[in-house]
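Enquirer: The structure that follows is given in the form of structure tokens.
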Amino acid sequence: MLPTRWAPRSSPRWRAQRMLWDGAPRQAVLLYACAAVGALAPVVLLVGVGRIVRAAAGDRQATWPWIAVSGAAIGVLLVGDTVRDHVAGIARARLTFALQERLMTALIRPAGIAHLTDQGNLDALAGAKGALTGFQPANAPLTQVALAGDRLGGLAACVLVGAFRWWLGAGLLLVWLAVRRPLRTVITEHVAALGGDAGKIRRAVYFFELATDPAAAPEVRAYGLGRWTVDRLREHWLLAMAAAWSVRARVYRTVALTAGLVVAANLAACWVLADAVAHHRIGLAELAAYFPAIVATSAVGGISTEDIALAWMLASLPDVERLEAGIARSAVPLGGARPVGDLPRRTIRLEGVRFAFGDRPVLDGLDLDIPVGASTAIVGANGAGKTTLIRLLTRLHDPSGGRITVDGTDLADLDPADWQRRCALISQDFARLPFTLADNIGVGASRAALRAAAERAGAADLVAGLPDGWDTPLGVPGGRDLSRGQWQRVALARALYAAEHGARILVLDEPTAWLDAAAEADFHRRFLAMTRGLTTIIVAHRFSTVRRADRIHVLHDGKVAESGDHDTLLALDGRYAAMFTAQAARFAGEATAR
Ligand SMILES: Nc1ncnc2c1ncn2[C@@H]1O[C@H](COP(=O)(O)OP(=O)(O)O)[C@@H](O)[C@H]1O
Ligand SMILES: [Mg+2]
1 MLPTRWAPRS
11 SPRWRAQRML
21 WDGAPRQAVL
31 LYACAAVGAL
41 APVVLLVGVG
51 RIVRAAAGDR
61 QATWPWIAVS
71 GAAIGVLLVG
81 DTVRDHVAGI
91 ARARLTFALQ
101 ERLMTALIRP
111 AGIAHLTDQG
121 NLDALAGAKG
131 ALTGFQPANA
141 PLTQVALAGD
151 RLGGLAACVL
161 VGAFRWWLGA
171 GLLLVWLAVR
181 RPLRTVITEH
191 VAALGGDAGK
201 IRRAVYFFEL
211 ATDPAAAPEV
221 RAYGLGRWTV
231 DRLREHWLLA
241 MAAAWSVRAR
251 VYRTVALTAG
261 LVVAANLAAC
271 WVLADAVAHH
281 RIGLAELAAY
291 FPAIVATSAV
301 GGISTEDIAL
311 AWMLASLPDV
321 ERLEAGIARS
331 AVPLGGARPV
341 GDLPRRTIRL
351 EGVRFAFGDR
361 PVLDGLDLDI
371 PVGASTAIVG
381 ANGAGKTTLI
391 RLLTRLHDPS
401 GGRITVDGTD
411 LADLDPADWQ
421 RRCALISQDF
431 ARLPFTLADN
441 IGVGASRAAL
451 RAAAERAGAA
461 DLVAGLPDGW
471 DTPLGVPGGR
481 DLSRGQWQRV
491 ALARALYAAE
501 HGARILVLDE
511 PTAWLDAAAE
521 ADFHRRFLAM
531 TRGLTTIIVA
541 HRFSTVRRAD
551 RIHVLHDGKV
561 AESGDHDTLL
571 ALDGRYAAMF
581 TAQAARFAGE
591 ATAR
């Protein structure tokens, strides 16, 4: 189950604890018990050691119980750490899973994809994953418990010192608490300054990834970008750090002042102890217990690397909520609850459709009829808005103006997820799923159905070339990687399989962009047979891909500029004819040159 009872207005510290109690309640109880026992055992040990020393010095009264108590304390200390680490490991796994599930749920929930084009959301996601700092937010509550144990141990040491001189115990406690506050404040400020500008760190990290990404390696070398990426990394890193430097002077000042105070307080405490020994007010036994106790009091207020790590972990917690809030804000809700039923039967119609990224219109009053059972092609220059149009048709976005109707029903009234399942989509950046070849095409599909889809997509010979045939894992570490063109055939087979199994509309965005010439020619030859009876919408900038379509539309300036079949459009001698002739001439040139 997800931890659902969050209190977004409380501080990250409380929210982290909430996360622990919601996500791993049993482990929380155990961890607190471990922390308490681990905090008190050293003090018990010190008292025991004091008694044993006193016995050794001649007072043999009641030694054995104290030896037993000290032994038990040592045992608890030795075993306690192991138990705590084990329980913390379980809790960490549960919290990590709960957090990942929460992030995934938030990202997956919107039917549309508008929230994924929002940079703020992507930054928050990187923060919530702890990707930029390496500190996992799920560790925050566990570190808190460990630190709470330290505090308690320090407090117990103060009490023990107080048994010697109450004002010394109280004084040390006050000094440590006085020191803790400003130190914690500057550390939190430092972390906020450093982590506050995720955008800058993210850009720096981007250059790191560019230089270390195998896919980018050829370009990085061919264009001599290696040194350049290092310089850019340094430049953006320095920019990101500048804010932290402005706080750093204050960090150093605070550390110096508090260190001075701490040294003075410890010197004074040791002097008081030494004075008592010198005047025979206490003996060796008390010294053995009180001196280590004075040292141990620091835990009540000292700042350790764990505190700094905790500040980082806590800093990424608000990113989780920032992401959820950002998604709620930027995900354009796709309404509609009507089941799709057997739609579409006749026509999908776009009327005056508008869509803009920011204030830049991409589609600007577009009218288009897509007949059911026929193939419709959309062509246009790069950036004309073809992919955007596909995303509106598959309801990954809704138009900002105009409307799309399916047999007269507004697409916006239909259940978006239901509609999306009717669309077998090969997106331009088709997904390379880290599954086996079989699951890439159809999860749970029969071999016969897989074979049919692969054959139609021209992917059948792929199976024979893979070591485990259908069961070869693809695109996973240790698995087999395919070429882009081979992946594209797999994507095509996936779409055709879906089209055979309930999807009614086949939507192909640049389906041959990665295919070699032979495969592309093969695709064209079989395109009609492959898509017979289906409602096909095919997008391409290569005209050879679309010339067989029943109807071709040229997208220009956010509108349909020309429509007709290939011959009609050529006869029109307009934009289509000009683009087609240019491409044909290029291919003819290539053919002659060969
Ligand atoms: N996520 C986005 N944010 C901002 N602009 C975008 C985004 N996606 C696409 N665009 C812009 O919208 C225009 C149309 O893009 P697209 O539909 O992908 O064109 P096509 O598929 O015809 O090449 C382009 O100018 C592109 O830069
Ligand atoms: Mg495109």
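Following the UniProt record's numbering, the numbering of the sequence shown begins with 1 at its first residue and continues without gaps.
Idealized CB from N, CA, C, for every residue including glycine.
Taking the alpha-carbon of H397 as reference, which of T117, V44, A72 has the nearest alpha-carbon?
Expert: As a first step, residue 397 is located in the sequence shown; it is residue number 397 there, counting from the start. Selected option, being the one with the closest Cα: T117.
Enquirer: So is P333 buried or exposed if we call it buried at 16+ other beta carbons inside 10 Å?
Expert: As a first step, residue 333 must be located in the sequence shown, where it is residue number 333. Its Cβ having fewer than 16 others within 10 Å, P333 is exposed.
Enquirer: Comparing alpha-carbon positions, which option in V161, A243, L257 lies nearest L46?
Expert: For the purposes of this step, residue 46 is taken as the residue at position 46 of the sequence shown. Minimum Cα distance to L46 is reached at V161.
Enquirer: In angstroms, rounded to a whole number, what distance separates the CA positions of A146 and A156?
Expert: One-based indexing of the sequence shown puts residue 146 at position 146. One-based indexing of the sequence shown puts residue 156 at position 156. In a straight line, the C-alpha of A146 is about 15 Å away from that of A156.
Enquirer: Starting from S70, trace the alpha helix (DSSP H) both ways and give me its first and last residue.
Expert: For the purposes of this step, residue 70 is taken as the residue at position 70 of the sequence shown. Unbroken alpha helix (DSSP H) run through S70: 63-108.
Enquirer: Look at the Cβ atom of P141, then the Cβ atom of A269, and state whether they are nearer than 7 Å.
Expert: Within the sequence shown, the letter at position 141 stands for residue 141. Within the sequence shown, the letter at position 269 stands for residue 269. In this structure, A269 does not lie closer than 7 Å to P141 by Cβ.
Enquirer: According to DSSP, what are the bridge partners of P371?
Expert: The count along the sequence shown starts at 1 and reaches residue 371 at position 371. T347, per the DSSP bridge assignment.
Enquirer: Taking DSSP's pairing of strands, which residues face R253 in a bridge?
Expert: Here residue 253 refers to the residue found at position 253 when the sequence shown is read from its first residue. None; R253 has no bridge partner.
Enquirer: Beta-carbon separation of D413 and V340 under 7 Å?
Expert: Along the sequence shown, one-based indexing puts residue 413 at 413. Along the sequence shown, one-based indexing puts residue 340 at 340. Taking 7 Å as the Cβ cut-off, D413 and V340 do not qualify as a contacting pair.
Enquirer: Under the criterion of a Cβ to heavy atom distance below 6 Å, does T387 qualify as lining ligand 2?
Expert: Residue 387 sits at position 387 when you count from the first residue of the sequence shown. Under cutoff, so the answer is yes.
Enquirer: Please list the terminal residues of the continuous alpha helix (DSSP H) segment that includes H397.
Expert: The residue you call residue 397 lines up with position 397 of the sequence shown. Segment: none, H397 is in no alpha helix (DSSP H) and carries neither H nor E.
Enquirer: Under the DSSP definition of a beta bridge, which residues are partnered with D364?
Expert: Position 364 of the sequence shown, counting from 1, holds the residue named residue 364. DSSP, once it has assigned bridges, lists R354 as partnering D364.
Enquirer: Would you mind reading off the limits of the beta strand (DSSP E) that contains E562?
Expert: Translated into positions along the sequence shown, residue 562 becomes position 562. Residues 559-564.
Enquirer: What residue range is occupied by the uninterrupted beta strand (DSSP E) comprising I282?
Expert: As a first step, residue 282 is located in the sequence shown; it is residue number 282 there, counting from the start. No beta strand (DSSP E) holds I282; DSSP gives it neither H nor E.
Enquirer: Using 6 Å as the cut-off, classify the Cβ of N266 as near or not near the heavy atoms of ligand 1, replying yes or no.
Expert: Within the sequence shown, numbered from 1, the residue matching residue 266 stands at position 266. No, Cβ of N266 sits at least 6 Å from all heavy atoms of ligand 1.
Enquirer: Rounded to the nearest angstrom, what separates L2 and R102 at their Cα positions?
Expert: Here the question's residue 2 lines up with position 2 in the sequence shown. Here the question's residue 102 lines up with position 102 in the sequence shown. Reliability fails at L2, whose pLDDT of 40 lies under 50, so the model's placement of it is uncertain and the value that follows must be treated cautiously. Looking at the two C-alpha atoms, the distance is approximately 7 Å.
Enquirer: Start and end of the beta strand (DSSP E) containing I308?
Expert: By 1-based counting over the sequence shown, the position of residue 308 is 308. Careful: I308 lies outside any beta strand (DSSP E), inside the alpha helix (DSSP H) at 305-330.
Enquirer: Which residues in the same chain as A337 place their Cβ atom closer than 7 Å to its Cβ, once the five residues preceding and following it in sequence are excluded?
Expert: For this step, residue 337 is matched to residue 337 along the sequence shown. Around A337: D415.
Enquirer: Identify whether I113 lies in helix, strand or coil by the three-state DSSP scheme.
Expert: Translated into positions along the sequence shown, residue 113 becomes position 113. The three-state reading of DSSP puts I113 in coil, since its state is none of H, G, I, E or B.
Enquirer: Please determine, among R151, E286, A72, the residue with the shortest C-alpha to C-alpha distance to A55.
Expert: Translated into the one-based positions of the sequence shown, residue 55 becomes position 55. Answer by Cα proximity: E286.
Enquirer: Using CA atoms only, rank isn't needed, just tell me which of D407, G479, E235, E455 is closest to L466.
Expert: Locating residue 466 in the sequence shown gives position 466, counting from the first residue. Closest option to L466, Cα to Cα, is G479.
Enquirer: T545 lies in the alpha helix (DSSP H); which residues open and close that run?
Expert: The residue labelled residue 545 in the question sits at position 545 within the sequence shown. From DSSP, the alpha helix (DSSP H) with T545 extends over 543-546.
Enquirer: What residue does the beta strand (DSSP E) around L506 start on, and which one ends it?
Expert: The count along the sequence shown starts at 1 and reaches residue 506 at position 506. 505-509 is the span of the beta strand (DSSP E), which, as asked, contains L506.
Enquirer: On the DSSP letters alone, give me the boundaries of the alpha helix (DSSP H) that A529 sits inside.
Expert: To locate residue 529, count along the sequence shown from 1; it is residue 529. Unbroken alpha helix (DSSP H) run through A529: 517-530.
Enquirer: On the criterion of 16 or more Cβ atoms from any shown chain inside 10 Å, does N121 qualify as buried, or is it exposed?
Expert: Here the question's residue 121 lines up with position 121 in the sequence shown. N121 is buried by the Cβ-count criterion.
Enquirer: Taking its Cβ as the centre, do 16 or more other Cβ atoms sit within 10 Å of E219, making it buried, or is it exposed?
Expert: In the sequence shown, residue 219 corresponds to position 219, counting from 1. By the neighbour-count rule (16 or more Cβ atoms within 10 Å), E219 is not buried but exposed.
Enquirer: Within 10 angstroms of the Cβ of L267, are there 16 or more other Cβ atoms? Answer buried if so, exposed if not.
Expert: As a working note, residue 267 is residue 267 in the sequence shown. By the Cβ neighbour-count rule, L267 is exposed, with fewer than 16 other Cβ atoms within 10 Å of its own.
Enquirer: May I ask you to check if the CB of Q428 is nearer than 6 Å to at least one heavy atom of ligand 2?
Expert: Within the sequence shown, residue 428 is the residue found at index 428, counting from 1. Yes, Cβ of Q428 sits closer than 6 Å to a heavy atom of ligand 2.
Enquirer: Counting C-beta neighbours from all protein chains within 10 Å, is the total for W312 16 or more, i.e. buried, or is it exposed?
Expert: Mapped onto the sequence shown, residue 312 falls at position 312. Result: buried.
Enquirer: Which two residues bound the contiguous beta strand (DSSP E) that contains residue 596?
Expert: This structure cannot speak to residue 596, because the chain is shown only from 1 to 594.
Enquirer: Compute the distance between the beta-carbons of R232 and F207, then report whether it is under 7 Å.
Expert: Indexing the sequence shown from 1 puts residue 232 at position 232. Indexing the sequence shown from 1 puts residue 207 at position 207. For R232 and F207, yes; Cβs fall inside 7 Å.
Enquirer: Please state whether DSSP places H236 in a helix, a strand or coil.
Expert: To locate residue 236, count along the sequence shown from 1; it is residue 236. The answer is helix: DSSP assigns H236 an H, G or I state.
Enquirer: Among H279, S316, T581, H524, which residue has its Cα nearest to the Cα of P12?
Expert: As a first step, residue 12 is located in the sequence shown; it is residue number 12 there, counting from the start. The shortest C-alpha separation from P12 is found at S316.
Enquirer: Across which residues does DSSP place R338 in a beta bridge pair?
Expert: On the sequence shown, position 338 is the one that residue 338 refers to. L414, per the DSSP bridge assignment.
Enquirer: Which residues mark the beginning and the end of the beta strand (DSSP E) in which A448 is found?
Expert: In the sequence shown, residue 448 corresponds to position 448, counting from 1. First-last for A448: 447-456, but that is the alpha helix (DSSP H), not the beta strand (DSSP E).
Enquirer: Going by beta-carbon coordinates alone, are L392 and A453 separated by less than 7 Å?
Expert: In the sequence shown, counting from the first residue as 1, residue 392 sits at position 392. In the sequence shown, counting from the first residue as 1, residue 453 sits at position 453. Result no, Cβ atoms of L392 and A453 do not sit closer than 7 Å.
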